[in-house]
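Under the UniProt record's numbering, the first residue of the sequence shown is numbered 1, with each subsequent residue one higher. Notes to accompany the following structure.
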Amino acid sequence: MDHFNLKDGVLHAEDVALPAIAEAVGTPVYVYSTATIERHVAVFKAALAAVESGPEGPLIAFAVKANPNRAVLATLARAGLGADVVSGGELLRARAAGIPADKIVFSGVGKTEAEMRLGLEQGIFQFNIESEPEAEMLSEVAAATGRRAPVAFRINPNVIAGTHAKISTGGSEDKFGVAYDRAIAAYARAAELPGLDVRGVAVHIGSQLTDLGPSRAAFEKIGALIAELRAAGHRIVTADLGGGLGVPYDPAKPVPPLPDAYGAMVREVTAGWNTRLVFEPGRVIVGNAGVLLSRVIRVKPGVTDPFVIVDAAMNDLMRPSLYDAWHDIRAVTPNGAAMTANIVGPICESGDSFAKKRAMDAVGPGDLVTFMTAGAYGATMANTYNSRALTPEVLVNGDQWAVVRERQPIEALIAADKLPPWV
Ligand SMILES: Cc1ncc(COP(=O)(O)O)c(C=O)c1O
Ligand SMILES: N[C@@H](CCCC[NH3+])C(=O)O
């Protein structure tokens with residue numbers, strides 16, 4: 001359940017009519033619902049209420065990459081969430097939004113020395129490191145300042161997640177994590193490094209997972225590894241199970257497992273682990289909490305189906321062109337009629353297409369449409385291709401709303417380029 005519903009024939013975000021936002025801010029614009037975000041946090045927390053996770057309970061570290069808007073992060077901070085970050089930039093954003101450093105996990109295969117130093121200075125909860133060379137570098141950086149970095153190795157369990165290849169991370173040919181078979185040797189070496197406090201394991205096999213089987217298989221392997229590591233004398237006190245839970249995009253497809261089912265599976269698999277569990281949900285918290293609101297520029301006849309040309313494009317929402325992802329498309333003021341159309345943006349790429357032969361509400365020039373389930377990996381993946389300024393973002397809360405990122409002025413985009421003296 002989200003909070004985007006028709007009221008008196010007009011699509012609302014909570015109690016705010018979307019045309020009011022479009023009038024005031026222009027289109028395209030991302031619109032997020034506070035109530036949906038808060039509801040998803042509550043549902044996710046409740047789903048994990050019964051897992052064994054030591055006296056402090058699980059650490060739920062929101063995957064900042066899914067939606068790094070500072071107002072969104074501040075909303076999550078208020079709800080008690082930590083953050084999973086993959087760059088110094090994300091770390092600083094999370095801190096700027098009020099997320100305490102001791103609730104921050106730093107993931108990613110390519111942390112630089114500067115990023116390691118930043119994490120150490122901030123006093124983050126844990127570095128999830130992804131290779132032996134990274135362990136060596138982090139140890140050196142930490143030891144140079146007399147610190148010991150709290151560390152978990154991210155393990156690549158060689159489990160195929162069954163999601164889109166571009167968002168699958170747990171196969172042995174993927175760049176992520178230390179190969180399961182190398183784990184024992186990696187921990188043994190890392191335990192000798194002066195700058196590390198190796199105290200955990202981590203795993204994340206992919207995103208938009210619609211079947212719990214692969215996650216279960218990966219977690220079972222992690223459980224076996226924890227036992228092996230302890231037998232080898234390592235102190236393992238944290239287990240980070242990553243993110244990845246899918247959300248419904250296409251109403252015609254089966255609904256992915258709900259957080260409750262995920263929580264029950266985790267509870268069963270992790271019973272007796274005697275670790276503090278960490279979770280890194282992204283999409284499941286914010287995916288259905290956002291829409292991209294856009295206006296139809298014109299409708300162009302096609303050979304079979306018309307092209308509905310909207311003012312949003314692949315630079316604003318990359319998912320359809322990158323992953324052939326489905327986003328439901330709704331009219332903001334549906335008139336009861338239906339149409340089959342190709343929904344495209346104005347960019348000069350054939351790939352700038354949101355949907356082909358889509359059966360949807362009938363719309364015409366000037367009408368508003370929404371791309372649903374755009375709260376995760378939407379605005380954050382936007383770019384300025386075709387010199388299109390970055391899209392603004394709006395956060396709704398009941399009957400209030402605020403611009404939480406202004407539309408980038410085109411002048412700012414142009415001014416960012418500097419001319420060398422010879423032109
Ligand atoms: C290490 C890590 N943690 C968490 C996430 C969040 O994933 P999701 O948004 O699918 O929950 C990702 C992205 O796949 C990730 O790479
Ligand atoms: N960007 C992807 C998810 C990537 C997850 C990153 N580890 C998407 O939109 O589905």
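Glycine residues also receive a C-beta, built at the ideal position from the N, C-alpha and C atoms.
Would you kindly check if the distance between the Cβ of Gly195 and the Cβ of Val141 is under 8 Å?
Walking along the sequence shown from the start, residue 141 turns up at place 141. Walking along the sequence shown from the start, residue 195 turns up at place 195. Yes. Within cutoff.
Considering Cα atoms alone, identify which of Leu81, Glu134, Val394 is closest to Gly282.
Counting from one through the sequence shown, the residue named residue 282 turns up at place 282. Measuring from the Cα of Gly282, the nearest candidate turns out to be Leu81.
For Asp361, I'd like the list of residues in its chain whose CB is within less than 7 Å of its CB, leaving aside the five on either flank, ordered along the chain.
As a first step, residue 361 must be located in the sequence shown, where it is residue number 361. Contacts found: Arg330, Ala331, Pro334, Ala338.
For His40, the nearest candidate out of Met265, Val85, Thr75 (CA to CA):
Here residue 40 is taken as the residue at index 40 of the sequence shown, counted from 1. Among Met265, Val85, Thr75, the Cα nearest to that of His40 belongs to Thr75.
Using the Cα positions of Ala402 and Ser215, report the straight-line distance between them to the nearest angstrom.
Within the sequence shown, numbered from 1, the residue matching residue 402 stands at position 402. Within the sequence shown, numbered from 1, the residue matching residue 215 stands at position 215. Computed Cα separation, rounded: 38 Å.
Does the Cβ of Thr36 lie closer than 7 Å to at least one heavy atom of ligand 1?
As a first step, residue 36 must be located in the sequence shown, where it is residue number 36. Flag unset: Cβ of Thr36 not near ligand 1.
What is the C-beta distance between Gly177 and Glu130, in whole angstroms, given that I count them as a contact (C-beta under 8 Å)?
Residue 177 sits at position 177 when you count from the first residue of the sequence shown. Residue 130 sits at position 130 when you count from the first residue of the sequence shown. Their Cβ separation, rounded to whole angstroms, is 5 Å, which keeps Gly177 and Glu130 in contact under 8 Å.
Identify whether Lys356 lies in helix, strand or coil by the three-state DSSP scheme.
Residue mapping note: residue 356 aligns to position 356 of the sequence shown, counting from 1. The answer is strand: DSSP assigns Lys356 an E or B state.
Decide if Thr373 is buried, meaning its Cβ has at least 16 other Cβ atoms within 10 Å, or exposed.
Taking the sequence shown and counting its residues from 1, the one referred to as residue 373 is at position 373. Flag for Thr373 reads buried.
With H, G and I counted as helix, E and B as strand and the rest as coil, what does DSSP make of Gly290?
One-based indexing of the sequence shown puts residue 290 at position 290. Strand, per DSSP.
Pull up the CB-CB distance for Thr34 and Val396, whole angstroms please, since I reckon it's below 8 Å.
For the purposes of this step, residue 34 is taken as residue 34 along the sequence shown, with counting starting at 1. For the purposes of this step, residue 396 is taken as residue 396 along the sequence shown, with counting starting at 1. Sure, about 6 Å apart at Cβ, within 8 Å.
Proximity test, Cβ basis, 8 Å: Ala152 and chain D
Going by chain labels, chain D is absent from the structure shown, which holds only one protein chain.
Can you tell me whether Val64 is helix, strand or coil according to DSSP?
Walking along the sequence shown from the start, residue 64 turns up at place 64. Helix.
Determine the DSSP secondary structure at Pro214, reduced to helix, strand or coil.
Position 214 of the sequence shown holds residue 214. Helix.
Since Val51 contacts Val237 with CB under 8 Å, what's their CB separation in whole angstroms?
In the sequence shown, residue 51 corresponds to position 51, counting from 1. In the sequence shown, residue 237 corresponds to position 237, counting from 1. Incorrect: roughly 15 Å between the Cβ atoms, too far for contact.
Would you check if there are 3 or more beta carbon pairs closer than 8 Å linking the region 403 to 412 to the region 291 to 307?
no
Separation of Ala114 from Arg319, as counted between CA atoms
Along the sequence shown, one-based indexing puts residue 319 at 319. Along the sequence shown, one-based indexing puts residue 114 at 114. Those two C-alpha atoms are separated by around 31 Å.
Looking at C-alpha atoms only, which residue of Lys166, Arg147, Leu212 is the closest neighbour of Leu193?
The residue labelled residue 193 in the question sits at position 193 within the sequence shown. The candidate whose alpha carbon is nearest that of Leu193 is Arg147.
Which runs of the alpha helix (DSSP H) fall wholly inside the region 333 to 381 and span at least 4 residues, in chain order?
none
With three or more C-beta pairs closer than 8 Å as the rule, is the region 52 to 61 touching the region 258 to 277?
yes
Asp84 beta carbon less than 8 Å from that of Val105:
Looking up residue 105 in the sequence shown gives position 105. Looking up residue 84 in the sequence shown gives position 84. Going by C-beta atoms, Val105 is nearer than 8 Å to Asp84.
Between the region 223 to 233 and the region 4 to 15, do three or more beta carbon pairs fall short of 8 Å?
no
So for Asn386, helix, strand or coil by DSSP?
Along the sequence shown, one-based indexing puts residue 386 at 386. Reduced to three states, the DSSP call for Asn386 is helix.
Close beta carbons around Arg358, own chain, < 8 Å, minus the five adjacent residues each side
Within the sequence shown, residue 358 is the residue found at index 358, counting from 1. Excluding residues within five positions, the ones whose Cβ falls inside 8 Å are Ile329, Thr340, Ala341, Asn342, Ile343.
Please classify Thr370 as buried or exposed, where buried requires at least 16 neighbouring CB atoms within 10 angstroms.
Locating residue 370 in the sequence shown gives position 370, where the first residue counts as 1. Under this definition Thr370 is a buried residue.
Between the alpha carbons of Val247 and Leu419, how many angstroms are there, rounded?
To locate residue 247, count along the sequence shown from 1; it is residue 247. To locate residue 419, count along the sequence shown from 1; it is residue 419. About 46 Å.
Whole alpha helix (DSSP H) elements within the region 246 to 306, 4-residue minimum
259 to 270, 283 to 286
Might you give, ordered along the chain, the residues of its own chain that have their beta carbon closer than 6 Å to the beta carbon of Val64, omitting 5 neighbours on each side?
The residue labelled residue 64 in the question sits at position 64 within the sequence shown. These residues qualify, in order along the chain: Ala83, Val85, Glu90, Ala94.
Do Val198 and Ala190 have their C-beta atoms within less than 8 Å of each other?
The count along the sequence shown starts at 1 and reaches residue 198 at position 198. The count along the sequence shown starts at 1 and reaches residue 190 at position 190. It is a contact, given that the beta carbons lie within the stated cut-off.
If you reduce the DSSP assignment to three classes, tell me which class Ala42 lands in.
Here residue 42 is taken as the residue at index 42 of the sequence shown, counted from 1. Note: Ala42 maps to helix in three-state DSSP.
In this structure, does DSSP put Leu168 in helix, strand or coil?
Here the question's residue 168 lines up with position 168 in the sequence shown. Looking at the sequence provided, one finds Ser at residue 168 rather than Leu. In this structure, Ser168 counts as strand in the three-state DSSP scheme.
Can you check which of these residues, Leu209, Glu38, Ala20, Leu322, is closest to Tyr262 by C-alpha distance?
Within the sequence shown, residue 262 is the residue found at index 262, counting from 1. Here the closest residue by C-alpha is Leu209.
Measure the alpha-carbon distance for Thr380 versus Ala232 and round it to whole angstroms.
One-based indexing of the sequence shown puts residue 380 at position 380. One-based indexing of the sequence shown puts residue 232 at position 232. Answer to the nearest angstrom: the Cα atoms are 42 Å apart.
If you draw a straight line from the alpha carbon of Lys103 to that of Glu56, how long is it in whole angstroms?
Walking along the sequence shown from the start, residue 103 turns up at place 103. Walking along the sequence shown from the start, residue 56 turns up at place 56. Spanning the two alpha carbons is a distance of roughly 12 Å.
Closer than 7 Å: is that where the CB of Ile167 sits relative to any heavy atom of ligand 2?
Counted from its first residue, the sequence shown places residue 167 at position 167. Checking the Cβ of Ile167 against ligand 2 gives yes.
Would you kindly work out how many angstroms separate the C-alpha atoms of Val10 and Ala17, rounded to a whole number?
Here residue 10 corresponds to residue number 10 of the sequence shown, with the count starting at 1. Here residue 17 corresponds to residue number 17 of the sequence shown, with the count starting at 1. When rounded, the distance between both Cα atoms is 7 Å.
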